[in-house]
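The structure under discussion appears below in the form of structure tokens.
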Amino acid sequence: MPELTKRRKRLQELREKHSTPVNAAEAIKILKEEKAVKFDPTVEIHFRLGINTKMNDQQIRSTVTLPGGTGKEVRVAVVAKGEKVQEAIDAGADVAGTEDLVEKIGGGFLEFDKLVATPDCMAMLSKMGKLLGPKGLMPNPKDGTVTTEIAKTIKELKAGKVSFRAEKNGGLVQMAIGKLSFEDERLLQNVAAVVDVIQKVKPPSVKGVYIKSVFLSSTMGPGLKLDLTTLAELNKK
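The numbering used here puts the first residue of the sequence shown at 1232, with every later residue one more than the last.
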């Protein structure tokens, strides 16, 4: 408990110290300067959007390819039929199969980060909704994990393609964009890519301010508010 109290106090002090909005480049430098852990922290970006997720046309779900990668090894499982199984294996899938893999997953096998399926296999996976859904592992055409382009999808996922969606309450979108040990420019490229996609998926029916706030944070580090007026410049670089 004393350690937890000390940690909370430090984070509060950091929030007060860095309360002024900064641009992304400055935020990355501050996160590195304020690192206080021995492991390599994950860097996250958090958006609060001016959307109403109760409206069907304002439910945001999409993907973004991070040019700098995620810094994490992505384990990909593929459920497919026939020659698509071998295609998945040749493309670098960590595990691939048909009924045998579905049965294995139903038995509790979840040693993968992404599950890709061909459309003709979705009926087999439909009964796995309660198992895969809460963990964000159910294949979905909106994030490109239900596809016939197996090889391309596997390579994109392993290279840094991530999916995101707005939370039902508050229009929050958050995702990991790399490791704090990344070069500044590498993290900056990932921030720019995410901001660009968030702006592109703005629902036409949204009125008023769309991006209300953006924060950059790191594991056990401060959350830094970005100056929204600098986001446009970020996308031009």
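C-beta: ideal position from N, C-alpha, C; glycine also. From a predicted model like this one, the values you see are computed outputs, not experimental measurements.
- Pairing residue 1410 with residue 1273 gives a Cβ-Cβ distance under 9 Å.
- Spanning the alpha carbons of residue 1415 and residue 1279 requires a straight line of approximately 24 Å.
- Counting only runs of at least 3 residues, the stretch 1362 to 1412 fully encloses the following beta strand (DSSP E) elements, listed from N- to C-terminal order: 1392 to 1396, 1403 to 1410.
- Within the DSSP bridge table, the entry for residue 1442 names 1280 as partners.
- One alpha carbon belongs to residue 1260, the other to residue 1270, and they sit about 17 Å apart.
- For the options 1290, 1319, 1335, the alpha carbon positioned closest to that of residue 1399 is the one of 1290.
- Two segments are said to touch when three or more pairs of C-beta atoms, one from each, lie closer than 8 Å; by this definition the stretch 1334 to 1342 touches the stretch 1352 to 1370.
- Rounded to the nearest whole angstrom, the CA to CA distance from residue 1417 to residue 1287 is 35 Å.
- Here the C-alpha atom of residue 1329 lies approximately 14 Å from the C-alpha atom of residue 1377.
- Rounded to the nearest whole angstrom, the C-alpha separation of residue 1428 and residue 1344 is 22 Å.
- Of the other Cβ atoms in all chains shown, fewer than 16 fall within 10 Å of the Cβ of residue 1317; this residue is therefore exposed.
- Here residue 1292 carries a strand assignment [DSSP, helix/strand/coil].
- With a 10 Å radius around the Cβ and a threshold of 16 neighbouring Cβ atoms, residue 1311 comes out buried.
- For residue 1346, the pairing in a beta bridge is given by DSSP as 1308.
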